[in-house]
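Heads up: the sequence lines are chains A and B, in that order.
Just so you know, we're using the numbering used here here: the first sequence kicks off at 33 and counts up by one.
Just so you know, we're using the numbering used here here: the second sequence kicks off at 33 and counts up by one.
The C-beta atom is built at its ideal place from N, Cα and C for all residues, glycine as well.
In this text the structure is predicted, and so the values were computed from the model without any measurement.
2 protein chains.
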Amino acid sequence: MPKVSHITLPGGFVAAGVACGIKTTGREDVTILAADREAATAMVTTRNQIVGAPVIWNRRLLPRGYGRARGIVVNSGNSNVCTGKAGLRDAETMAKLTARRIGCPAEKVLVASTGIIGERLPMGKVRAGIAEAADRLGHGNDAAALRGIMTTDTREKSAVVITRIGGRTVAVAGIVKGSGMIAPSMATMISLITTDASIRPARLHRALKAAVATTFNAITVDSDTSTSDTVVAFASGQAGGRAIAGGGADYRKFLAALTEVCGELARAVVVDGEGATKLVEVVVRGARSDAEAKIAAKSVADSPLFKTAVHGGDPNWGRIAMALGKSAAKVVAEKLRIRIGGVVIFSGGTGRTFDVKKVRRHLGGSEVRVDCDLGLGKGRFTALTCDLSREYIAINADYHT
Amino acid sequence: MPKVSHITLPGGFVAAGVACGIKTTGREDVTILAADREAATAMVTTRNQIVGAPVIWNRRLLPRGYGRARGIVVNSGNSNVCTGKAGLRDAETMAKLTARRIGCPAEKVLVASTGIIGERLPMGKVRAGIAEAADRLGHGNDAAALRGIMTTDTREKSAVVITRIGGRTVAVAGIVKGSGMIAPSMATMISLITTDASIRPARLHRALKAAVATTFNAITVDSDTSTSDTVVAFASGQAGGRAIAGGGADYRKFLAALTEVCGELARAVVVDGEGATKLVEVVVRGARSDAEAKIAAKSVADSPLFKTAVHGGDPNWGRIAMALGKSAAKVVAEKLRIRIGGVVIFSGGTGRTFDVKKVRRHLGGSEVRVDCDLGLGKGRFTALTCDLSREYIAINADYHT
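Here it is, written out as structure tokens:
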């Protein structure tokens with residue numbers, strides 16, 4: 033995990049992060065990411081039916097999830113969720129203030145907020161913060177820009193991939209915040225991605241949706257879905273060359289780079305999961321379809337009994353079989369094969385004798401892999417989760433609104 | 033909660049519970065409940081696709097979920113799940129041994145097992161246990177019979193209701209075991225219900241399904257579904273009178289009594305939930321349908337963030353709104369009203385100022401009530417859950433298979 037964010041490494045972007053006093057800790061809490069010119073922009077937002085004011089604003093700007101925009105302003109420390117019409121005006125004001133400074137209409141600036149919910153933003157502080165961040169926009173502030181979107185995150189999470197597409201060097205960079213659904217009252221997964229690739233908005237959106245499906249949408253810390261989850265990708269086109277067409281080798285290369293960045297960020301979110309001590313990969317194959325494989329994998333990854341067993345280093349195949357069996361995916365005990373760390377522990381409808389020491393050693397490490405072959409078809413999906421520890425309870429029960 | 037089981041209070045039943053050494057603790061681990069004659073019998077079993085051998089056996093006996101049977105033999109300490117064909121033979125043997133002693137074909141005896149999974153039953157001990165239990169069948173062993181179905185339960189859970197139906201005094205009694213999905217490796221909810229009401233098998237089944245829908249199927253300790261959940265009701269008809277017909281006042285009275293028994297037992301399971309310190313009632317009304325109300329209520333009751341907030345005594349409406357919003361039930365923030373302990377804390381799309389001391393006092397008690405009015409229709413459902421504590425993690429992470 034690089035310690036430094038590279039969000040402005042792709043050509044055509046500037047960024048800044050400043051502290052304006054929303055957070056009581058004095059850490060950065062306002063970030064602006066701006067493109068030099070209008071950039072192809074694609075967005076994926078939460079499926080929760082209760083959404084924050086910034087999500088409502090962004091959906092107005094990009095009703096189909098893509099279009100052209102100049103940038104995004106993000107604040108942390110307050111999520112501007114369930115704040116009514118006044119909250120929506122605050123989101124709009126954030127866009128307006130930013131737009132005025134970078135020289136574009138408010139409708140070209142997206143907004144994201146993360147932190148406590150149900151409280152109005154301290155707009156005096158936000159106003160000052162946006163002004164200061166706009167003054168500092170440049171290439172040397174990537175780390176501060178990353179910190180400006182963080183809440184209870186314990187790690188700085190960023191990723192960058194450099195590749196060749198259509199004879200041009202293309203960079204894809206991303207930052208993300210999130211460590212459980214909560215924090216302090218309800219946190220959020222926010223990810224910003226920049227690239228200098230030349231790609232049209234609709235195609236960028238298609239690539240982003242595909243990349244998110246197998247990365248951000250494959251992780252689960254606690255099965256809860258934030259009201260503010262937002263992933264935004266900006267493509268400046270500064271790498272030059274012809275716009276990436278759909279379906280060809282160039283598109284596949286771009287999608288691979290984007291998926292790699294999203295995958296690294298998604299992994300980092302799980303590793304930073306509340307109370308997590310292990311990263312757990314649940315691979316389901318042999319399902320009747322990819323969709324059923326996803327349902328089965330998520331059922332295991334979300335099961336508190338499975339997650340506590342992993343925490344305790346217990347090779348408990350019963351809990352894995354139970355979680356598969358309770359899911360809406362077709363499962364037949366006799367066809368099921370379960371491996372932990374590559375060792376078969378269940379097959380033919382019953383537990384096998386296995387090298388317990390070897391499996392316990394694997395479970396004792398920081399990365400655990402569980403393979404479930406349903407033996408029914410070709411569907412597959414990999415879910416990422418973490419273990420469930422006392423620390424999760426401590427973080428979530430002892431925090432008071 | 034009565035400390036003594038009354039499972040043989042309804043006329044026409046005998047029971048016994050003995051210790052045969054499956055449990056290393058020396059506690060009772062084999063229970064037989066037998067009707068003097070063939071009784072109307074109805075059964076509801078787990079929806080998990082991976083099921084234990086006893087569930088397979090019972091489904092063979094009662095393919096439509098009802099019929100006539102003489103009784104059930106239960107062992108605790110070993111669930112006989114994922115034990116292959118040998119396990120199924122063991123279940124059949126348990127039925128045969130019991131049938132021989134009470135004088136009926138094996139096909140008239142149901143079987144239930146609960147405890148560790150994936151291990152063969154110690155059939156020598158089971159055989160001796162069944163013989164001893166059969167010898168002791170009578171009316172003075174209800175408490176031992178209840179203990180014989182328990183695993184990690186910390187409380188003895190039973191209920192009895194006496195009512196008048198069609199001019200006759202009718203008793204409905206029940207016992208239940210279960211405290212989380214697990215324990216020691218994967219536990220089970222098993223409930224046995226007896227009544228001396230005169231009712232045909234199909235009608236008893238219909239009543240049992242209706243009663244279970246709003247009681248046992250409304251509770252959640254950890255969102256995991258056991259591979260062995262079984263509820264069986266036996267009706268001896270000894271109360272006399274005409275068989276209870278469908279739809280009339282007699283049926284409604286019987287259903288009310290059965291629902292009361294199931295409700296009391298279900299509540300007791302939640303109170304005995306692993307690590308639970310509070311009983312939490314989540315009432316959803318105003319949903320578009322009862323089905324959507326159930327989805328919404330269960331989404332809240334299953335949310336680890338909600339459950340940890342309750343554990344911490346935190347009036348965190350954000351987590352409740354989040355859990356409702358992420359569910360498949362239709363939710364509109366502006367129409368939603370949330371109350372804790374009767375105090376409105378969220379309405380009109382945002383949090384209200386409320387008497388924090390009063391709400392915290394309510395959350396500090398042993399019974400917590402959360403009301404969510406979705407404001408969209410007439411659907412309603414009440415889910416029962418418990419809080420999520422460090423103790424849950426301790427129980428489930430520190431246990432080793």
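For A:Gln81, the chain B residues whose Cβ falls inside 7 angstroms of its Cβ are Gly357, Val363, in order along the chain. A Cβ-Cβ separation of about 4 angstroms places B:Asn110 in contact with B:Gly147 under the 8 angstroms criterion. By the Cβ rule, the region 84-104 of chain A counts as touching the region 113-124 of chain A, because three or more pairs are nearer than 8 angstroms. Boundaries of the beta strand (DSSP E) harbouring A:Met75: 62-77, taken from the DSSP string. By the neighbour-count criterion, in which a residue is buried when 16 or more other Cβ atoms sit within 10 angstroms of its Cβ, B:Arg393 is exposed.
For the region 343-429 of chain B, the full-length beta strand (DSSP E) segments reaching 3 residues or more read 369-372, 375-379, 399-405, 411-418 along the chain. By the rule that beta-carbons nearer than 8 angstroms mark a contact, B:Ile149 touches chain A. CA-CA distance, B:Ile197 to B:Phe286, rounds to 7 angstroms. A:Leu311 and A:Lys330 have their C-alpha atoms spaced approximately 14 angstroms apart.
Between A:Lys326 and A:Phe413, the C-beta gap is smaller than 8 angstroms, which places the two residues in contact. When only Cα atoms are considered, A:Asp405 and A:Ile372 end up about 12 angstroms apart. In the structure shown, A:Thr340 falls within a helical segment according to DSSP collapsed to helix, strand and coil. Rounded to the nearest whole angstrom, the CA to CA distance from B:Ala67 to B:Ile231 is 15 angstroms. The beta carbon of A:Asp346 lies closer than 8 angstroms to those of Leu395 in the same chain, with the five residues before and after it left out. For A:Asn110, the enclosing beta strand (DSSP E) covers residues 98-110. At a C-beta separation below 7 angstroms, A:Thr115 has these neighbours in chain B: Thr382. The three-state secondary structure of A:Val113, taken from DSSP, is coil. Distance from B:Glu60 to B:Gly206 at the Cβ level is roughly 18 angstroms; contact not present, criterion being Cβ atoms closer than 8 angstroms. Taking the CA atoms as reference points, B:Gly150 sits about 30 angstroms from B:Ala245. A contact is defined here as three or more CB-CB pairs under 8 angstroms, and the region 294-313 of chain B meets this definition with respect to the region 173-193 of chain B. Under the Cβ criterion of 8 angstroms, A:Met354 is counted among the residues facing chain B.
For B:Thr146, the enclosing beta strand (DSSP E) begins and ends at 141-148. A:Lys410 is the residue among A:Phe378, A:Asn348, A:Lys410 whose C-alpha sits nearest the C-alpha of A:Lys362.
Under the three-state reduction of DSSP, B:Ala277 is assigned to coil, being neither helix nor strand. Looking at the backbone, the Cα of A:Val208 and that of A:Ile104 are separated by about 14 angstroms. Taking a C-beta cut-off of 9 angstroms against chain B, the contacting residues of the region 324-343 of chain A are Asp334, Ser335, Pro336, Leu337, Phe338, Lys339, Thr340, Ala341, Val342, His343, listed in chain order. Identification of residues in the region 262-276 of chain B having a C-beta nearer than 9 angstroms to some C-beta of chain A yields an empty set. A Cβ-Cβ separation of about 20 angstroms leaves A:Pro42 out of contact with A:Ala242 under the 8 angstroms criterion. B:Arg152 and B:Asn112 have their C-alpha atoms some 6 angstroms from each other.
Checking the DSSP bridge columns, you'll see B:Ala205 partnered with B:Val192, B:Thr226. The secondary-structure analysis by DSSP pairs B:Leu311 across a beta bridge with B:Glu399, B:Cys418. Residue B:Arg369 holds the alpha-carbon nearest to the alpha-carbon of A:Cys114 among B:Ala415, B:Cys418, B:Arg369. A straight line joining the alpha-carbon of B:Pro336 with that of B:Leu420 spans about 7 angstroms.
When Cβ-Cβ separations below 8 angstroms define contact, B:Gly350 makes contact with chain A. Counting along the chain, B:Gly49 sits inside the beta strand (DSSP E) bounded by residues 45-50.
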